Structures are given as C-alpha cells and as structure tokens.
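Colleague: I have a structure here, written as structure tokens, and I will follow up with some questions on it.
Protein chains in written order, with the working numbering: chain E, 1 to 403; chain L, 1001 to 1157.
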C-alpha cells in the first residue's frame, strides 16, 4: 500500500497559500481540505437557515443536512444509535458536560474518579471543579520511567472501585498511544464507566465505538481536518438519558412555562441553543472525505516520517527527547539541553517551521517528568519527507545559534 | 540588616556597570540591520555579562506574571538621588535579551526622566518586533507595567 502525499496535500489550499512554511503544529489544529471548506461554504451560500424550526422548506433543508451530518458521524464511527452522537463545541465542552452531568447523579460524595498523569487540562480541570463541589475523590494513575501509563498502578487504583475512569487515547504532548481497548475492559470489569478523550487519538485511529466498548468518547472537529467550534460527545444511549444537561435554553426543551418546564428527548436535550450548523456539516464532510483514503497507508506514512525524525534527532547530542520512539502517534516533544523551549521555538519560527512550546495544557505531566516545558513537533498525513529534512536542518541551526 | 542592604546595592552597582557596557558596545550593533541569525544570536548573548541572580532573588514577589517563562524584575531606588536601578533575569534568553535592551536605556534614571521616555519603543529591535509571539509580547508588556508601577510613573498607552 502506498500513500500519495502530494495528491493528499493538493487537497489543501493552505499549502498553496503558505508555500514557505513547514507546519508541525497539527496537535494544535489541522488544516482543512477543499471538501470541508466547500461543504461549509455551500451551506452558507445555498442552504443557510436555522434548524429544527420547520416552518419553511429552507429550514427543513438545513435541518436535513444537519441531521444527515449526525447520521454520517454515527455510521462512520459505528455508534449504535444516532441519538448517541451529541454535537457540542469541542472536546473541552464535551468533557465539561460529562463532569457536570455525572457529578451529583452517578457520582456522589465519597465516590472516585480515575484520571491519568498524561491528561490534557480539559480532562482534568472539569473533574476537579465538580468533584470539589460534590466531595468526589480524584485518583491519578502515575507514569513509568518511560513516561507511559503505569498499567500495574492503573489496576491497583481500579481496586478502589472508581465510578468513572477518564483517559486519553493519545498524549497530546508525548504522542504516546495508550492501550485503551484493554484499559476499557479492565475498567469495566472493575465496575467503572469509561470516558475516552479522543481529541488527539481520533486522527490517529477512527474509533469503532461499539467495538471499542467505551461508555463515552469525545473529540474536536478541528483536530481531524474539520472546522473549529464543533465536536462530538458520544455516549451509550441509556447513559446519556441520565446525564444532567450542562446548558439549558432553547432546543433542549419540549415545553416551557413558569410553573413547569419539560426537557426534550435525546439528542436535543444535550444540545441547547442554535448549534454550529455549518461546523457540523463540515465535520461530517471531513470524516466522509477522510474515509476515501487508505488509512493504514497514512499510518505507515506517518511512522516513516517519525523514523526519519528519530534518525535525524539521534545525530544531535544537544537534543533531549521526551517522547518515546515506539507506540507513538506522530508527536515528538523535546528540548535542547539547557535552553528554554520558547527560545528554540522562536528560532524555528524564524526558519518558518511552525511548532509549539510550553506546557501544552498538560502541566501535571511536566511536573511528573520534572521539566518546565518542551518544544512539540506534531506530524500529519500531509507532512512530507522534505518537511522533516527542513526541520532537522532548522533544529541544527537553532542549536548552533544557542551555543 | 545593613549588610543585606550593602549586598543588594553591590548587585545593582555591578548590574549597572554591565548594562552601561552593553549600551555602549553591544546595543549599537544590535540596532543595525543585519540577517536574522546574527540579530538573534546577539540578542540571546546580550544578557550573559549581567550578574547572575541568586535563589534569594528568584522569588515569587519578583516574578513577572503573564510570562511564558519565569522572569524576575528587581528594583532599587537610590534615596539620595531618586534614581531607579533595575535588574532582570529570565529562563528564556530572548526575553532576557529584549528586556536588557530596555534596561540599559532606562537604568539610573529618575521618575521624571523615565516619564519623558517612549518606553514601549525602547523595547523595539529592528526586525524583531513583528516576530514576537502574542505571549512573548504580553510578557514584555508585563515588564513595562511593573517598571511603571515601581517607578510610580504612568505608562502612556
């Protein structure tokens, strides 16, 4: 199987518009193919109307497109029911909804939630806030020396019988892939509900939600070629039924009066307000478009790029690698010995290599590994071999300038 | 107590000497147009001659909030003359260099003299300004605000 990276890149106007840049900040956001931009543009130009109002045909058309997008996501990710796909503004909103919705119902005072040291702040802070309000206890799985989830400790903490286990598929800092299929089964056996933060994982591997067997899965559109401001919260139907809505208002009600208000059924009960209609349509277009490509070939391409990168970085004694070389989805965190990541990133920026530096919304991870931050390179399917060559040369230049 | 004061004064005196040398020797070169490699290397080397901060000085009360990296600003006013003396350290070389550019132009000035200076412009290095990331700009702004606060002057927006 071969992957034609040039043909893939040709779908992205960004590379024609910004030909001098090497974009290695894909974990922050990804570029959008023509199929996504045209789907959104077409909606605004041709079909723009609010959804679910139903009074005129234009609105009905818009609603049909919007609900078709939901069906597409449900089909592509193999959810059992379309009502299990809840639109939201992204993984952060979805995780806030879960923390708010489970606390005080499923989670009572004294109950436990299990997180990991690798989590992004979006999968830490909402739990902290709601847990504190309700007397729920948070446990955290530590890391091994190789900065991987300590599975032995995971099992030990499961013996404390947490009600909820929430973990990321792929670390947004290190790129390390967690064995979520096994971890989900272990958590289920211990009686816990499972939440998978798929923000970085979804572009690595599209989940088969029923096969994965998790209770909840969240992801953001803009990290899988889709628009910003839209994402999905997936949940098993009976669990979503019991989730307290985080947002109240229009759309999520059936009847409102000052004496009594009745909430709507799923999925709308968890979708207050006018949704990001164009965003949802764009996200569905992204996934449909992506499915046309040979996804295993893309994975292989990314692994080859990684090998190229490891080889080059190994020639530079000034580099301290934080990411491991195996089980990596395409994200490399590193530092230049003795130098602040922001200085390195600035020197790469001067050479038109776009990277990110800092704690990457994962301060507990950096506290655990004893570093104040790192430079992060995040690859994508549209990254080409010459990008890696340029990046390695630019890092060498940065090392030389910092001497 | 007087021994500690003497130490701090020594530190500010040495810093002032170093800043003066930087202003005379390195600053003119830095402000000349050149390729980005030379400019960045010069900027990142700029703070090297400054006396190092001790752990006593790298404390929370001296921290500048709103910085990507940890940065500390120290200040002492000479009671006889009212002149303000400064010292700055940062984990990030570019921040340290950029603020050093500012400090060597404002060190040892009175509040009245500082009020007359275009402080924001003193942070400007040709070819650098447009490449400052928003977070780095915020950090530098935070330094300016702290300078204004400590010198009791208004920062003209």
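Ideal Cβ placement from N, Cα and C applies to all residues, glycine included.
Source: prediction; values computed, not measured.
I need the straight-line Cα distance from residue 223 of chain E to residue 382 of chain E, nearest angstrom please.
Modeller: The alpha-carbon separation between residue 223 of chain E and residue 382 of chain E amounts to approximately 13 Å.
Colleague: Under 9 Å Cβ-Cβ, which residues of chain L neighbour residue 307 of chain E?
Modeller: Chain L residues near residue 307 of chain E: none, gap ~30 Å exceeds 9 Å.
Colleague: Taking all protein chains shown into account, do 16 or more other C-beta atoms lie within 10 angstroms of the C-beta of residue 276 of chain E, making it buried, or fewer, making it exposed?
Modeller: buried
Colleague: Specify the secondary structure class of residue 1015 of chain L as computed by DSSP and reduced to three states.
Modeller: helix
Colleague: Given this structure, state the Cα-to-Cα distance separating residue 313 of chain E from residue 319 of chain E, to the nearest angstrom.
Modeller: Near 7 Å, if we compare the C-alpha coordinates of residue 319 of chain E and residue 313 of chain E.
Colleague: Can you give me, in chain order, the residues of the region 332–354 of chain E that have a beta carbon less than 9 Å from any beta carbon in chain L?
Modeller: Per Cβ criterion, the list reads 339, 340, 341, 342, 343, 345, 346, 347, 349, 350, 351.
Colleague: Classify residue 372 of chain E as helix, strand or coil using the three-state DSSP reduction.
Modeller: coil
Colleague: Thinking C-beta only, is residue 1097 of chain L closer than 8 Å to residue 1047 of chain L?
Modeller: yes
Colleague: Quick one: what does DSSP say residue 11 of chain E is sitting in, helix, strand or coil?
Modeller: coil
Colleague: Does the beta-carbon distance from residue 264 of chain E to residue 253 of chain E come in below 8 Å?
Modeller: yes
Colleague: For residue 1093 of chain L, which residues in chain E fall below 8 Å Cβ to Cβ?
Modeller: 339, 340, 343, 402
Colleague: Using only CA atoms, which one of L/1015, L/1110, L/1024 lies nearest to residue 1152 of chain L?
Modeller: L/1110
Colleague: In whole angstroms, what is the alpha-carbon distance linking residue 328 of chain E and residue 88 of chain E?
Modeller: 28 Å
Colleague: Does any C-beta atom of chain L lie closer than 8 Å to the C-beta of residue 370 of chain E?
Modeller: no
Colleague: Quick test of the definition: if touching needs 3 or more C-beta pairs under 8 Å, does the region 104–112 of chain E touch the region 75–95 of chain E?
Modeller: Between the region 104–112 of chain E and the region 75–95 of chain E there are fewer than three C-beta pairs closer than 8 Å, too few to call the two in contact.
Colleague: Drop a sphere of 10 angstroms on the beta-carbon of residue 187 of chain E, count the other beta-carbons inside from all chains shown, and report buried for 16 or more, exposed for fewer.
Modeller: buried
Colleague: Drop a sphere of 10 angstroms on the beta-carbon of residue 171 of chain E, count the other beta-carbons inside from all chains shown, and report buried for 16 or more, exposed for fewer.
Modeller: buried
Colleague: For the region 1031–1054 of chain L, enumerate the residues whose C-beta is nearer than 8 Å to any C-beta of chain E, in chain order.
Modeller: Flagged, chain order: 1036, 1037, 1040, 1041, 1044.
Colleague: From residue 91 of chain E to residue 231 of chain E, what distance separates their C-alpha atoms?
Modeller: Cα atoms of residue 91 of chain E and residue 231 of chain E: separation of roughly 6 Å, rounded to the nearest angstrom.
Colleague: Indicate the three-state DSSP secondary structure (helix, strand or coil) for residue 129 of chain E in the structure shown.
Modeller: helix
Colleague: On a CA-only basis, which of L/1083, L/1071, L/1149, L/1055 is nearest residue 1089 of chain L? Give me that one, please.
Modeller: Closest option to residue 1089 of chain L, Cα to Cα, is L/1071.
Colleague: Tell me residue 1089 of chain L's beta-bridge partners as DSSP assigns them.
Modeller: BP columns for residue 1089 of chain L point to L/1072.
Colleague: Nearest-angstrom Cα distance between residue 152 of chain E and residue 142 of chain E?
Modeller: Between the alpha carbons of residue 152 of chain E and residue 142 of chain E lies a gap of roughly 10 Å.
Colleague: Which residues in chain L sit within 8 Å of residue 231 of chain E, going by Cβ to Cβ distance?
Modeller: Per Cβ cutoff of 8 Å: no residues; residue 231 of chain E is ~24 Å from chain L at best.
Colleague: Give me the chain E residues within the contact set of residue 1068 of chain L, using Cβ-Cβ distance strictly less than 9 Å, ordered along the chain.
Modeller: 340, 341, 342, 357, 358, 373
Colleague: Helix, strand or coil for residue 1109 of chain L? Go by DSSP, reduced to three states.
Modeller: Strand at residue 1109 of chain L.
Colleague: On the DSSP letters alone, give me the boundaries of the beta strand (DSSP E) that residue 262 of chain E sits inside.
Modeller: 261–263
Colleague: For the beta strand (DSSP E) holding residue 219 of chain E, just list the boundary residues, first then last.
Modeller: Bounds of the beta strand (DSSP E) holding residue 219 of chain E are 216–220.
Colleague: With DSSP as the reference, label residue 59 of chain E as helix, strand or coil.
Modeller: helix
Colleague: If the cut is a Cβ gap below 8 Å, which residues of chain E does residue 1083 of chain L touch?
Modeller: Going along chain E, no residue has its Cβ under 8 Å from residue 1083 of chain L, so there is no contact; the nearest lies around 32 Å.
Colleague: Considering just the uninterrupted stretch of the alpha helix (DSSP H) at residue 204 of chain E, what are its terminal residues?
Modeller: 201–204
Colleague: Residue 201 of chain E and residue 169 of chain E - do their beta-carbons sit closer together than 8 Å?
Modeller: yes
Colleague: Using 8 Å as the Cβ pair cut-off and three pairs as the minimum, do the region 391–399 of chain E and the region 337–354 of chain E touch?
Modeller: Yes, since at least three Cβ pairs between the region 391–399 of chain E and the region 337–354 of chain E fall closer than 8 Å, the two stretches touch.
Colleague: Alpha carbon to alpha carbon, how far is residue 93 of chain E from residue 130 of chain E? Give it in angstroms, no decimals.
Modeller: 14 Å
Colleague: If we ignore side chains and look at the alpha-carbon of each, how far apart do residue 1144 of chain L and residue 1016 of chain L end up?
Modeller: 18 Å
Colleague: Excluding the 5 residues flanking residue 285 of chain E on each side, which residues of the same chain have their C-beta closer than 7 Å to its C-beta?
Modeller: 35, 36, 39
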